[in-house]
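Enquirer: Quick one: the structure is below, questions incoming.
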Amino acid sequence: MSKAYDPAATEPVMWSKWMDSGAFHADPSRVLDGDAQPYTILIPPPNVTAALHLGHALNNSIQDILIRAHRMKGFETLWMPGTDHAGIATQTMVDKKLKEAGKPGIADYKKRELTGEPGREEFLKLIHEFKDEYEERITQQLMAMGCSCDWERQRFTMDDICARAVREAFFQLFKDGLIYRGKRLVNWDPVTQTALADDEVENEEVAGHFYYLRYPLVHQTEPGNHDPVTWSELVRRGYPDAENHPEDEQAWITVATTRPETYMGDTGVAVNPKDPRAKAVKGFFCELPIVGRVIPIIEDDYVVLPVKYGGQEGDTKAEMSTGFLKVTPAHDPNDWMIGQRHNLEPINIMAPDASISDQHGWDRETNKEGGHIFVGKSREDARKLVIEEFKARSVAEGSSGSLLERMVPYSHSVGHSYRSHAAIEPYLSDQWYCKVSDDKLRGNAQRALKPEQRTESSIKDWPESRPKMVADDTTDGTMNFFPARYAKTYENWHDNLRDWCISRQLWWGHRIPVWSRERMTSDDIEQLKLVLSVGYDPFSDEPDEPAISRTENEDGTVSMHVCFQNENNTDIKLFESAGFTRDPDVLDTWFSSALWPLSTMGWPDASAAKDSSGINDFESMLAAFNPSSVLTTAREIITLWVSRMTMFNRYFLGDDKAGKAPFKDVFIHAMIQDGEGRKMSKSLGNGVDPLDIIHSHGADAMRFTLCQMTTQTQDVRMPVEMDESTGKNTSPKFDIGRNLCNKLWNAAKFAMMMLEKNPVSAGMPIDPQELSLVDRWMLSRVAHATGAINTALRNYMFKDYADAIYDLLWRDFCDWYLESIKPTVADDANQAAVLRLVLDSILRLMHPVTPFITESIHERLSTIPMREVTGFSFDQTQSTGTLCQSGWPTPDQALRDEVAEEAYDRIRSLITLIREIRASNKVHAKRAIVLHVSGSLAEDITRWSPLVETLGNIKEVTSAEAPEASAAFVFEGSEYRLSDLADAVDASVEKERLTKELADLEKAIGGLKGRLSNPGYTDKAPEHLVNQTRGELEQKIQDRDSMKASLDKLG
RNA sequence: GGGCGGGUAGCUCAGUUGGCUAGAGCAAUCGCCUUACACGCGAUGGGUCGUGGGUUCGAGUCCCUCUCCGCCCA
């Protein structure tokens, strides 16, 4: 074996070995035949937009640890790999890359499409090429990390298998009325020109202004005819302060807005009914400056009262408010609600790119409205122009002050696209919605949660969300978050859930399987019935028939939407010939992600599932592996993903639409930040590439370090440094993992050298009682570590796992066990057998975290026969000669040897004392010294003397009187001496050391005495504690007295 | 505005129901190329546990106040 572990030489070889062994392939029949319990993890499919980052490395290391440990524990494990098509992200990424390369972008392909050329298809081909490249890269990365996925089953959210699931799910939801068409405000991204879901919008604080605009008041005598309202009229109606204005001038009200550019879309002004001015302006109208539209003043208690009229002091909104609110239903969600309540018409004044337009709902010319100067301006330019124009005008000719009353700086949060980072425009459009607020979706998601993780306040607001928990229920109350606090995030999300906008105006994604025809008259419908085959009723609800929904329009016409279950339905052509066209939009990426637990298992039709690689054993996958065991993911997608998977899994897998949750546990891992607590990102340049770390430190080193970092907190920090020699980012934290691997390598090298000298021969299991102290101690430590690791795995405490490995390998095995057995192992057959067994166990316990190095060492170790120790066995697995399929250690409780542990701990304390003296007297490591023992413990020490001699480099343990030139120490109350430290012992060094130790003892004695003289303590503290304190004090006094005696001798 | 996480040694983090002198790794210092490992071995120094208060015989741990950093939601 080489002097140092070489990951680059080892990892590819071990990887091939695993792939050849077929160890990662899951066999559902073993589960269904009862040969093994299933253990399943579905990979959170990484987006095909980029290579994996360190966060992925962490998440996938964790999953591999869980999978590998359970494989060794005898479970039939399935780790389902795959990637996500990431609709908007991928499409914008490809568009950007094309533009950077000077090639035509999506805008050009859209033009082609308009001229009848194949634009959409051609562009999708380009995205597919991009996807293939990144999918390959991601796969390579996961393999380089050692991820033991079932690679034969790798999926992609847009492959045929997944597409079938999406089609079926959409059809069922559509048919059940849980997908509907709605015209309402969406979060519109004007850059990518698509709608976004609420959770794809990020709020950012933006420094802007509050603009105070004056709207003149008018009477509307008849439509199109209006007269100014004068201040004197307002005085008569009791409008406060109206008397301070010239009485014959036109009166105005002031609205405050952060978005003056939307004023062209105003269709009302609202005032709070509690406002004292409300009565005075009742029945009046406002005339929109420049545009000239006359809009009503309505009363709505949504309007915030200004402080002057009853608003709360200190409330920023009340302090900013004028009491009058311009209502723009088509461009603000709150205004939309007000508009709904008061029948105000929404007027959309923007084009999809957010420029001002009179072509998308603002019928400016027909209504003879002004404002043409704003048309065509971007929303930013329009804002400037509106302000300019208002500033230059006054309410009426001759009146004082401009229409722009004032501007106040104001910073507020504005929604931005999580993809393009453009400010979101609330935009009126027709979209498809999934009715997730329905109890069959939301309710099932809530009820899936374990009762202990629900909060009473949530259940109180919504009693039907309480898990039913009938006997043998495997549906409600089964899902468990780790750490538990994240259940709250999940619960809270559902409490405030709104319907999910699932259509996206993109090309890259699952095309919506709906054909529509808008505004059909009753004649059209009769004609349609004729066009369709004789006897065919488009409104029937038979299986295999398309699902049809109708929306009644205001003008009495009907819009019809037809959803076909299969692409090859012959009726599609019929409907198309009747004027139906396919919806051009695609589905939100999360729609297919939400089906991941189903689509990857061949749902809905296992027998028909067959993918390009020819794998066709989906037959029992769903039954064997759904629900999965655990989902490990990042907290930011608890809502986007975890919730929706739960809804869909339960909805589609239950006869009564209340099936099983898709996973038993949900583990939310920490987020890796840089040393300053910032997110790792490309723009900050503080990211660390997993492949760089694999090259510099090895995959195992990276995995161990990540495992050790994974605590239960929500963020973990990783100081990032630039490696000067490679110009790449790295972190000193990975050295821990590399050093650990090297330690293991060398320990194994040494152990096998010993085993060559003293080969183990097979035979009957050894009775632990026949073993030496140190062997019994070591087995006890393995048993202890196994228990600690099992507990850590059960609770997803990965740091505890890493620490248990570290302590077992480095502290117990290397520092003490190997050092202890050096002189004896070559001649002690039992000891050699224990060494063989312990090393094997350590390899097995470490394997899930550091798979490559352990597999490599195991390959050599397995050539040496193993002789077992009674009580020390391994789980049954489908062994194929690889470590990754070898059994997990299952030591009996009886191997936990308290007596051996206590005795060995005493020896270690004694050795530590001896080493301290050696160090303070600068005794060379090679110089063997003499230990003089006396007192009651002399017998024990003599019995341990071979160990003491080895570990302390003692050449002789004697009861003979020590010579003058010797160093004293106190162990368990008695004085011991070390002699032959050097040719002469420096008395002053000795004196200094003993004096300091004496002072420490005195201090401790003082503390203990103080505690015991406090009656509060002796009366109230538990008796065993008080006794313990008394014993301690006694011991310290003995130590002190011995120490004093030693010091006295020095003079 | 609501919710959550965090503030413990120079750095990264442990610290279970309150109970030994608050721990580990790295870094630092000193000594060692001791025949597995210098990616190592032995030893040493280093902390008012964010602030202020409370409960208790006893608080890093429980309660309250304030403060700073970060995340999520509105």
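Under the numbering used here, the first residue of the first sequence is numbered 11, with each subsequent residue one higher.
Every residue, glycine too, gets a C-beta built ideally from N, C-alpha and C.
Under 6 Å from any heavy atom of the ligand SAM, does the C-beta of I927 make it?
Expert: Judged by which ligands are present, the structure shown has none, so any question about the ligand SAM falls away.
Enquirer: For V216, which option in E1000, E959 and S421 has the closest C-alpha, if you only look at C-alpha atoms?
Expert: S421
Enquirer: Could you tell me which of L1035, T864, T960 and D885 sits nearest to V23, measuring between CA atoms?
Expert: T864
Enquirer: Of the choices M570, L584 and R906, whose alpha-carbon is the least far from that of S790?
Expert: R906
Enquirer: Taking the alpha carbon of P729 as the reference point, which residue from F744, T723, T736 and Q722 has its own alpha carbon closest?
Expert: F744
Enquirer: So, is T531 buried or exposed, given that buried needs 16 or more other C-beta atoms within 10 angstroms?
Expert: exposed
Enquirer: Can you tell me which of L1060, S955 and I469 puts its alpha carbon nearest to the alpha carbon of R1003?
Expert: Taking only the C-alpha atoms, the option nearest R1003 is L1060.
Enquirer: May I have the straight-line CA-CA distance separating E911 from G945, to the nearest angstrom?
Expert: 23 Å
Enquirer: Whose C-beta lies closer than 8 Å to the C-beta of L42 among residues of the same chain, with five residues either side of it excluded?
Expert: Around L42: S630, A633 and A634.
Enquirer: Can you list the alpha helix (DSSP H) stretches of 4 or more residues lying completely in the segment 169-247, in chain order?
Expert: If only complete runs of 4 or more residues are kept, the segment 169-247 shows the alpha helix (DSSP H) at 170-185 and 241-246, in order along the chain.
Enquirer: DSSP beta-bridge partners for F384?
Expert: F384 pairs with nothing; no bridge assigned.
Enquirer: What span of residues does the beta strand (DSSP E) with N636 cover, start to end?
Expert: First-last for N636: undefined, no H or E at that position.
Enquirer: At 4 residues or longer, and completely inside the segment 629-690: list those alpha helix (DSSP H) runs for me, N to C.
Expert: 631-635 and 654-663
Enquirer: When the Cα of H934 is compared with those of P861, G962, L947 and E474, which residue comes out closest?
Expert: G962
Enquirer: Taking only the alpha-carbon atoms, compute the straight-line gap between V405 and A205 and give it to the nearest angstrom.
Expert: 39 Å
Enquirer: The alpha helix (DSSP H) that contains R1040, what's its start and end?
Expert: E1033 to L1060 is the extent of the alpha helix (DSSP H) around R1040.
Enquirer: Have a look at I5 and L818 and give me their C-alpha separation to the nearest angstrom.
Expert: Residue numbering for the chain in the displayed model covers 11 to 1061; residue 5 lies beyond these limits and cannot be assessed.
Enquirer: According to DSSP, is C824 part of a helix, a strand, or is it coil?
Expert: helix
Enquirer: Could you pull out every residue in the same chain whose Cβ sits closer than 7 Å to the Cβ of D67, ignoring the five residues on either side in sequence?
Expert: Checking the sequence, you will find Ala at residue 67 rather than Asp. Once the five neighbours on either side are set aside, the close Cβ partners of A67 are M155, P700, M712 and L716.
Enquirer: Pop quiz: K460 and T488 are said to be a contact at Cβ under 8 Å. What is the actual Cβ separation, rounded to whole angstroms?
Expert: The beta carbons of K460 and T488 sit about 7 Å from each other, so the pair counts as a contact at 8 Å.
Enquirer: Give the DSSP bridge partners of K738, in chain order.
Expert: D733
Enquirer: Going by DSSP, what residues sit across from P901 in a beta bridge?
Expert: F882
Enquirer: What is the residue span of the beta strand (DSSP E) that R928 lies within?
Expert: Counting along the chain, R928 falls outside any beta strand (DSSP E), though it belongs to the alpha helix (DSSP H) covering E908 to S930.
Enquirer: Helix, strand or coil: how does DSSP classify K141 here?
Expert: helix
Enquirer: Look up L988 in the DSSP assignment and give the residues it is bridged to.
Expert: Paired residue(s): L941 and A977.
Enquirer: Where does C717 sit, in a helix, a strand or coil, going by DSSP?
Expert: helix
Enquirer: Who pairs with F295 in a beta bridge, going by DSSP?
Expert: V228 and P306
Enquirer: Can you say whether V909 is buried or exposed, counting buried as having 16 or more other CB atoms within 10 angstroms of its CB?
Expert: exposed
Enquirer: Leaving out the 5 sequence neighbours to the left and right, which residues in its chain are closer than 6 Å to T1028 when beta-carbon positions are compared?
Expert: Here the set comprises V1036.
Enquirer: Does the Cβ of Q1045 have 16 or more other Cβ atoms within 10 Å, making it buried, or fewer, making it exposed?
Expert: exposed
Enquirer: State yes or no: is the C-beta of Y49 within less than 7 Å of the C-beta of Y443?
Expert: no
Enquirer: How about E1000 and A977: are their beta carbons less than 7 Å apart?
Expert: yes
Enquirer: Using CA atoms only, rank isn't needed, just tell me which of G275, N344 and L988 is closest to R374.
Expert: G275
Enquirer: If you reduce the DSSP assignment to three classes, tell me which class V23 lands in.
Expert: helix
Enquirer: Just the C-alpha distance for Q497 and I469, rounded to the nearest angstrom, thanks.
Expert: A small fix is needed here, since residue 497 is Ala in this sequence, not Gln. Distance between the alpha carbons of A497 and I469 is about 14 Å.
Enquirer: In the DSSP assignment, find the unbroken alpha helix (DSSP H) run with T499 in it and report its ends.
Expert: Y496 to D505
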